[in-house]
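With my numbering applied, the sequence shown corresponds to residues 578 to 896, in that order.
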Amino acid sequence: MRAAVINTPDATPVWADFPDPQQQPNQAPLKLVGAGLHHVVRALASARHYGSDQAYPLVPGLDAVARTDDGRLVYTGLPQSPWGTMAEWLVTPFEVELPAGADPLAVAAGMNPATSGWMPLITHRKEMGELDTVLVLGATGTSGSLAVRAALSLGAQRVIAAGRDRQALARLHDLGAVTIPLSVSGPDAWATDLSAAVAAAQPTLVLDFVWGPVAEATFAALGGAGTDDDSAMIDYVQIGSLAGTDAVLPAALLRSRRIRISGSGTGSVSKARMIAELPGIIARFADGTFDAPYTVYPLSRIGEAWAHQGRTRAVVVPD
Ligand SMILES: NC(=O)c1ccc[n+]([C@@H]2O[C@H](COP(=O)([O-])OP(=O)(O)OC[C@H]3O[C@@H](n4cnc5c(N)ncnc54)[C@H](OP(=O)(O)O)[C@@H]3O)[C@@H](O)[C@H]2O)c1
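Right under this line is the structure:
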């Protein structure tokens, strides 16, 4: 079959022949409709992600919308390495049928980003019984903006969206979020930017898509003062690290606040739990709660797709 193929960790994928995926008994291969080029796809392919098994050559791609041999459109993913979803044919361990009204390419672009915020939101809501104030760091990106939409649709009392992109923040404000524009002058001002919002309503759930200096500024803003008992519990969930892979965690924050810091991603969230949530997430693409802007590239132009930047997600489709 034809596929996007990566031969070494540093190489750009090329459109090339690749062996067909190994067929499973009683399961016809799926035909690609569209596969999203997410950050994790690039990171896995270039061996920068902890989940990379570094076996080359490989086909990149984690998830996709595909067509079954009886004509149904399904969301699917998690193919067995070295096969990925950026190929004409896919063999995968799960399929979730798309409901009527869902744009297949928006689903391809948006399901991985949407799932990243959805999982900690529903986990927290189940544990605490409700969603109170949710702070989203990196809210202006695809994943963060879908997390804001998810929090609002799941009944959060208040959603605070922090990021640098003013236009993206204005769109989130229109949806009902309180917005914190992070100063373009850089990290030194971010703790001040965040402090006022945290003082007005202390978040009980923080979804962090960026880490690095944004996390450090948030730790400073969340730090307690005085010796009174702290009442509310803060659940801080690490999801992405585009602003930095490390962050300094002040000891005083852990002592002054009832705070739990954890992460959400492959390995810490079970595949079975994630797959169980997929129909509820896809339904929100069908009813218009979720959307994900995308730019389409045919598989033969995978090199251009790989270099794609900007506010839309690249989606690779068959030629
Ligand atoms: N764990 C999971 O399950 C999971 C799943 C999906 C995604 N993720 C991760 O989540 C992260 C965000 O993904 P995405 O899909 O939202 O990406 P995206 O659409 O490219 O958005 C990037 C976001 O990161 C922010 N950002 C980038 N560099 C920054 C910096 N130096 N300082 C401050 N903010 C910065 C951008 O903010 P501005 O608007 O201010 O530029 C924007 O909000 C990625 O690391 C991705 O791998 C994790």
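Note that beta-carbon positions come from the ideal geometry of N, C-alpha and C, so glycine has one too.
Computed from a prediction, not measured in an experiment: that's the story for all the values here.
Taking non-hydrogen atoms of ligand 1 into account, the C-beta of phenylalanine 786 is found less than 7 Å away from one of them. The shortest C-alpha to C-alpha distance from isoleucine 816 to any of Asp807, Gly715, Asp896 is the one to Gly715.
DSSP lists Val642 as the bridge partner or partners of glycine 611.
A distance below 8 Å separates the beta carbons of tyrosine 871 and alanine 683. Within 10 angstroms of the beta-carbon of glutamate 672 lie 16 or more other beta-carbons, which makes it buried. Note on geometry: alpha-carbon atoms of threonine 653 and phenylalanine 796 lie some 37 Å from one another. Excluding residues up to 5 positions away in sequence, Leu621 lie with their Cβ nearer than 7 Å to the Cβ of serine 629 in the same chain. Inclusion of isoleucine 816 in the 7 Å shell around ligand 1 follows from its C-beta lying nearer than that to a non-hydrogen atom of the ligand.
Between the alpha carbons of alanine 728 and leucine 698 lies a gap of roughly 7 Å. In this structure the region 662-680 lies against the region 642-651, because at least three pairs of beta carbons, one per stretch, are closer than 8 Å.
Less than 8 Å separates the beta-carbon of valine 892 from that of alanine 686. Taking C-beta atoms as the reference points, alanine 581 and valine 636 count as a pair closer than 8 Å.
Here valine 725 is buried. Its C-beta has 16 or more other C-beta atoms within 10 Å. For serine 839, the enclosing beta strand (DSSP E) has its first and last residue at 836-840. Taking the Cβ of arginine 741 as the reference point, at least one heavy atom of ligand 1 falls within a distance shorter than 7 Å.
Annotation: glycine 654 is outside any alpha helix (DSSP H); the continuous beta strand (DSSP E) that includes it extends over 650-654. Rounded to whole angstroms, the separation of the alpha carbons of alanine 739 and leucine 826 is 20 Å. Comparing alpha carbon positions, the residue from Gly732, Ala612, Leu607, Asp646 closest to proline 670 is Leu607. If you compare the alpha carbons of Thr889, Ser722, Ser841 with that of threonine 700, the shortest gap goes to Ser841. According to the DSSP assignment, leucine 714 belongs to the beta strand (DSSP E) that extends over 710-714. Taking every protein chain shown into account, the CB of arginine 888 has fewer than 16 other CB atoms within 10 angstroms, so this residue is exposed. Contact check for glycine 801 against arginine 834 passes: the beta carbons are separated by less than 8 Å. Distance from the C-beta of serine 760 to the nearest heavy atom of ligand 1 is not below 7 Å. Of the heavy atoms belonging to ligand 1, at least one sits nearer than 7 Å to the Cβ of valine 617. Contact annotation: the region 806-813 does not touch the region 737-754, with fewer than three C-beta pairs closer than 8 Å. Annotated three-state conformation of arginine 748 is helix, per DSSP. Here tyrosine 627 is exposed, its C-beta having fewer than 16 other C-beta atoms within 10 Å.
Counted as a single uninterrupted DSSP element, the stretch harbouring tryptophan 883 is not any beta strand (DSSP E) but the alpha helix (DSSP H) occupying residues 879-883. Under the rule that a run must span 3 or more residues, the beta strand (DSSP E) segments found entirely inside the region 836-874 read 836-840. At least one heavy atom of ligand 1 sits closer than 7 Å to the Cβ of serine 693. In summary, alanine 882 is buried, with 16 or more beta-carbon neighbours lying within 10 Å of its beta-carbon over all protein chains present.
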